[in-house]
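Q:
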Amino acid sequence: MTPLSILDLVRVTEETDARGALDNARDLASHAEGWGYRRIWVAEHHNMAGIASAATSLVLAHIAAGTKTIRVGAGGIMLPNHAPYVIAEQFGTLERLFPGRIDLGLGRAPGTDQLTLRALRRSPEAADNFPQDVLEVQAFLAPAGANQRIQAVPAAGTNVPLWILGSSHFGAMLAAELGLPYAFASHFAPAELLPALEIYRSRFKPSEQLDKPYAMVGVNVIAAESDAEARRLATTQQMSFTNMFRGARGLSQPPIDNIDTYWSPSEKAQAMRMLARSIVGSPATVRIGIDALVKETAADELIVVSDIYDHPTRLKSFEMIASAAL
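Position 313 (the sequence shown) corresponds to 1037 in this note's numbering; numbering is contiguous.
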């Protein structure tokens, strides 16, 4: 049985403000704990009115405080936006507050647009230092040496487990070189999934954290009572992708009956390429889709995005997914 986890986008909708989105994320986590999900992650995005997880470590504290056993983590922190020392402090603090439950996934993308990068004080060359920054975070989370003059307090010695996130070959190669678990973002970049997994597994070098490759695969899953209803619910995500192509990243929108009235043929083609590995349908359809994905990828774990407008309906989708697959 392949473990399931959740990537929550912490969506702000046309009917729910940012506080509502944050509370919904916490509520989802408390339910997911009972349904058997292994972990729930949130991701760092900036200058997006429809996503409330910019201050990622604070969001994780909110979620972790409302749960007891489920692992909580970043999927991920966009490390070039930050000083590695500060990220170590933040996640070491989370580990002190919620011991044995914190994950730190690290990515090198900005998680925003070029204009916002300037507001973040990020230099264009910051991403080039990503491998060294990962090692720096890891060092600050390790036990401090006897003569170590700079310590990340209270992070030193917490050894928060690191993950490398990726949507290309670069992350696969880095995760393999450092001996870290690898999470591939096939929920929006499906084309490179299989090559990236092959690179990661073939080049993996054991480390203190991990003795063999461990690959997590991101996948969009929408479950409902029928295939038709699931396809209707999926239009919320399809509209979000369309709006992104249009440069209009607004609030999450309620589903519509006919998505072809919303997007153009070129927008549809672009969105469907990015959503190519989505699994949308009834519990039976979802089970078939998940089984096929695991068989194809040999994934050690799946992390599920179920981007649905209405919170109770989204809860039901995650419950159905767990019942179908766990």
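By construction, the Cβ of each residue, glycine as well, lies at the ideal position given by its N, Cα and C atoms. All of these numbers come straight from a predicted model, not from anything done at the bench.
I need the boundaries of the alpha helix (DSSP H) containing I946, first residue and last residue.
A: In this chain, I946 is not harboured by any alpha helix (DSSP H); it is covered by the beta strand (DSSP E) spanning A939 to A947.
Q: To which residues does DSSP link E1025 through a beta bridge?
A: M940
Q: Start and end of the alpha helix (DSSP H) containing R763?
A: First-last for R763: R763 to V766, but that is the beta strand (DSSP E), not the alpha helix (DSSP H).
Q: Distance check for A850 and M802, CA to CA, integer angstroms please.
A: 11 Å
Q: Could you tell me whether the segment 919-934 touches the segment 945-961, where touching means 3 or more Cβ pairs closer than 8 Å?
A: no
Q: Distance check for A833 and A972, CA to CA, integer angstroms please.
A: 20 Å
Q: According to the neighbour-count rule (16 or more other Cβ atoms, all chains shown, within 10 Å of its Cβ), is M772 buried or exposed?
A: When all chains shown are included, M772 counts as buried.
Q: Which two residues bound the contiguous alpha helix (DSSP H) that contains I794?
A: That residue, I794, is in no alpha helix (DSSP H); it is neither H nor E in DSSP.
Q: Do L728 and V1028 have their C-beta atoms within less than 8 Å of each other?
A: Taking 8 Å as the Cβ cut-off, L728 and V1028 qualify as a contacting pair.
Q: Report the three-state DSSP secondary structure of S681 (helix, strand or coil).
A: Here the chain comprises residues numbered 725 to 1050, so residue 681 is not present and cannot be evaluated.
Q: With F965 as the anchor, note down where its beta strand (DSSP E) starts and where it stops.
A: Segment T959 to F969 is the alpha helix (DSSP H) holding F965; no beta strand (DSSP E) there.
Q: Pull up the distance between the alpha-carbon of D981 and that of A954, whole angstroms please.
A: So the two alpha carbons sit approximately 11 Å from each other.
Q: Exposed or buried, which one is M940 when buried takes at least 16 other CB atoms within 10 Å?
A: buried
Q: Out of P885, V945, M897 and G942, state which residue places its alpha-carbon closest to the alpha-carbon of R925.
A: M897
Q: So G744 is in the alpha helix (DSSP H); what residue range does that whole segment cover?
A: Start and end: A742 to W759.
Q: Any idea which residues DSSP pairs D1015 with across the strands?
A: Note: D1015 sits in no beta bridge, so no partner.
Q: Do R830 and G800 have their CB atoms nearer than 8 Å?
A: A small correction: the amino acid at residue 830 is Leu; Arg does not occupy that position in the sequence shown. Taking 8 Å as the Cβ cut-off, L830 and G800 qualify as a contacting pair.
Q: Give the secondary structure of M772 by DSSP, where H, G and I count as helix, E and B as strand, and everything else as coil.
A: coil
Q: For the beta strand (DSSP E) containing S729, name the first residue and the last one.
A: L728 to D732
Q: Count the C-beta pairs between the segment 753-766 and the segment 736-744 that are closer than 8 Å, then say yes if the count reaches three, no if not.
A: Result no; under three Cβ-Cβ pairs closer than 8 Å.
Q: Anyone know if the C-beta pair for N805 and R846 falls short of 8 Å?
A: yes
Q: Does the beta-carbon distance from R795 to D827 come in below 8 Å?
A: yes
Q: Suppose you measure from the CA of W887 to the CA of P1036; what does that come to, to the nearest Å?
A: Roughly 31 Å separates the two Cα atoms.
Q: Is V858 helix, strand or coil by DSSP?
A: helix
Q: Does the segment 1038-1049 come into contact with the segment 1008-1028, if we say contact requires no fewer than three beta-carbon pairs (one atom in each stretch) closer than 8 Å?
A: Verdict: yes, contact present.
Q: I'd like to confirm the pairing. Which residues does DSSP put opposite V1004 in its beta bridges?
A: I946
Q: What residues in its chain sit with their C-beta under 7 Å from that of Y986, if we drop five residues either side in the sequence?
A: M963, T966 and I980
Q: When you compare only the Cα positions, how much space is there between P855 and D984?
A: 43 Å
Q: At what residues does the beta strand (DSSP E) containing Y906 begin and finish?
A: Y906 to F908
Q: Pick helix, strand or coil for L1039, following the three-state DSSP scheme.
A: helix
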